[in-house]
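Numbering (mature numbering (1 follows the signal peptide of the UniProt record, and there is no 0)), first residue to last: -17 to -1, 1 to 636. Inspection log for the structure reproduced underneath, given as structure tokens.
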């Protein structure tokens, strides 16, 4: 499609694309120190977008896992660690390129009396329906009665909404990027939306809504607020891999209630493997089906996949976590420890990179099947996966991949080093480490109950040439702010500034900040080493007291970063994701005249309604929070201001 641009453009560029991040992991019941170490040593290097962490607030005492879902206050104090450890984890993970999603229990409080002085909540802050049994065919009961005896919060109350928002904003101020809303089905969608509207910035939201055909509360009624868990995906994929009927999954992305852009998918989660162990497949099921189901999920272009990673619990479905963490005295199961660490299984871990590198081709191509238990498919020439679920029979087949001719690392059997381009065979591999594509075809040899996968990000000998640090120098005279709070008039209040020359404390509300390179900055005119600061909207809607030090003077997404990360005019990478490109990733160009990113897009009835989002390759950082809806059968110039996160749509003649 030819792009027509106005004569007012100074120039237009496309920044070098960063590989997007398209999958996250639930480190169930992990401690904060262990998560921080995992971000730095494994999750960041493997390309995971985020970690869902267990509820961080104070709960009832007890060793059972479900005690974490019975809060008594919103103080950051749990068996995973205290507030300081939580904040340190968030910052360390952010520095490793991994976001944190907090599991927010906001539907209820613990099953105590109705007095929670730490919040405080009293009896008037709860609903009065205490029926022991809920009729799930009755919407009012589902959303107003105590869930398994837990005190149901009156979320229609402005006071309760504000208390919940204060808790979530506290987490945001520490750098938390998103939230899972636990038991969202039991909260009216309008109440969640009202709470979300009180939150600072644009946190990623996904909501736990378990749908059922006969029930009135549907997952789709929550999708305008944020993403929604698609339980039916797990309940389709699990039996398919248990029963070797995987060919039935060919069109699963078009057969579920939620569209790909609204769905969080998973093979299992912490509830399903305990409450429904004979349904979705999980680590307790014999064979390799659970591993293969995750490989399929990471290869298939539907939803935002979450990988479950928990611990062994035998037949005790109430058992709490091991007393020591993976990095603090215990170990993963494959090293003889008590933690399953599914996210570290080679096939699952390496398929995260497969998904990241194929995100721009959000479609299934070159499907092949042999019966119901052997399948293969491509991702528009960017990747190809083969899954053999036939017991006792290896697969040997020449298949058309549509990929460029090259020698690729088989990421199921080997680990690929992006820095060197080496494909390193793994112990216990059951297939070849490399696969050669010639004329688009490749020969695959796949053992029974096993898989193979290749992608364009794992070409043997193709060393990374742009993996080093940002070369832009920092001035060390400025403090900058990304204004994710969307302040209309950002000001910087500062005091106790340590610098090469004397700098007096500011007078409230501080100095006006200058917009440059997509962020707001203040130049002190002297090299600084530390300062205490508050960012505010000319005196209102202020941040917490912050300390800038150690050369990290750029406040990005709630975390201090080097100033070099603020010097990025035109070098940011943003994507259009919507109905015209089947929710794939189309990188935006940069318009130096308007200092905005843009794309020309034609909407031609691909899906109703016609809509889109703008994101940075991670579902965490997507705008607007709800899909941007436009009229169909028209062409638009879609412009995005990366500083204010605003979108402008202009119809093209």
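Quick reminder that beta carbons are idealized off the backbone N, C-alpha and C, glycines included.
query	result
Exposure label - residue 207; buried when at least 16 CB within 10 Å	exposed
Top-ranked residue by Cα proximity to residue 566, from 92, 244, 231, 487	244
Span separating the alpha-carbon of residue 476 from that of residue 489	6 angstroms
Three or more C-beta pairs below 8 angstroms linking the segment 180 to 195 and the segment 160 to 167	yes
Cβ contact (3+ pairs, closer than 8 angstroms) linking the segment 626 to 633 and the segment 599 to 613	yes
Assigned secondary structure, residue 278 (DSSP; H/G/I helix, E/B strand, else coil)	helix
Bounding residues of the alpha helix (DSSP H) (the contiguous stretch that carries residue 473)	Here residue 473 belongs to no alpha helix (DSSP H); instead the beta strand (DSSP E) covers 473 to 482.
Euclidean distance between Cα positions of residue 649 and residue 117	Past the edges of the chain, shown from -17 to 636, lies residue 649, and the structure says nothing about it.
Cβ-based neighbour list, residue 601, same chain, cut-off 6 angstroms, excluding 5 preceding and 5 following	4, 32
Selection from 108, 353, 18 that minimises the alpha carbon distance to residue 308	18
Sequence-distant residues of its chain with Cβ nearer than 8 angstroms to residue 527 (five each side left out)	156, 517
Segment contact flag, the segment 206 to 225 with the segment 345 to 352, C-beta cutoff 8 angstroms, min 3 pairs	no
Helix, strand or coil at residue 549 [DSSP, three-state]	coil
Those residues which DSSP pairs with residue 60 across a bridge	65
Presumed contact (8 angstroms Cβ cut-off) between residue 6 and residue 275, rounded CB distance	The pair is not a contact, with the Cβ atoms about 16 angstroms apart (cut-off 8 angstroms).
Euclidean distance between Cα positions of residue 192 and residue 136	17 angstroms
Three-pair Cβ contact test at 8 angstroms for the segment 61 to 68 versus the segment 90 to 103	no
Residue 498 burial status per 10 Å Cβ neighbour count (16 or more: buried)	exposed
Cα-Cα separation, residue 285 to residue 466	32 angstroms
Cβ contact (3+ pairs, closer than 8 angstroms) linking the segment 252 to 264 and the segment 197 to 207	no
Residue environment, residue 407, which counts as buried when at least 16 other CB atoms sit within 10 Å	exposed
Presumed contact (8 angstroms Cβ cut-off) between residue 129 and residue 52, rounded CB distance	Not really, about 14 angstroms apart at Cβ, beyond 8 angstroms.
Separation of residue 225 from residue 298, as counted between CA atoms	20 angstroms
Exposure label - residue 625; buried when at least 16 CB within 10 Å	buried
Touch test, the segment 500 to 519 against the segment 477 to 486, Cβ-Cβ under 8 angstroms, three pairs minimum	yes
Cβ-based neighbour list, residue 372, same chain, cut-off 6 angstroms, excluding 5 preceding and 5 following	227, 229, 356
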